[in-house]
Amino acid sequence: MVSRTTRQWNEVAQDRIIEMAWEDRTPFEAIEFQFGLKESDVKILMKKSLTWKSYVLWRQRVENCKTKHASKRNGAICRFKCSRQKAISNNTISKR
Numbered sequence: 092m093v094s095r096t097t098r099q100w101n102e103v104a105q106d107r108i109i110e111m112a113w114e115d116r117t118p119f120e121a122i123e124f125q126f127g128l129k130e131s132d133v134k135i136l137m138k139k140s141l142t143w144k145s146y147v148l149w150r151q152r153v154e155n156c157k158t159k160h161a162s163k164r165n166g167a168i169c170r171f172k173c174s175r176q177k178a179i180s181n182n183t184i185s186k187r
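First residue of the sequence shown: 92, per the numbering used here; consecutive thereafter.
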């Protein structure tokens, strides 16, 4: 059985996961919904994919960003998609 952290993503999917992780308005719940990766799995992927300094900067940014966690978000924000999300194939979120 292949775990979520050791699964080999194709380059496009991995780039999209990293892009979504860097976006301030995309919560980890959206990444889990679309790719099945929990927050801890995203952290592992980011640590493997980024340079150490970039990873540290990303972690600081995530910790200070209230919109990255659905539980910390303002109740008025009821979406988790970016403006470019419709252009991505296999995305069920934008089709709702």
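Even glycine gets a Cβ: it sits at the ideal position worked out from N, Cα and C.
Near residue 149, which residues of its chain fall below 8 Å by C-beta distance, leaving aside the five closest residues on each side in sequence?
112, 113, 137, 141
Please report the distance separating the alpha-carbon of residue 110 from that of residue 102.
12 Å
Below 8 Å on the Cβ atoms is my guess for residue 122 versus residue 108; work out the distance and round it to an integer in Å.
6 Å
Thinking C-beta only, is residue 106 closer than 8 Å to residue 156?
no
According to the neighbour-count rule (16 or more other Cβ atoms, all chains shown, within 10 Å of its Cβ), is residue 124 buried or exposed?
exposed
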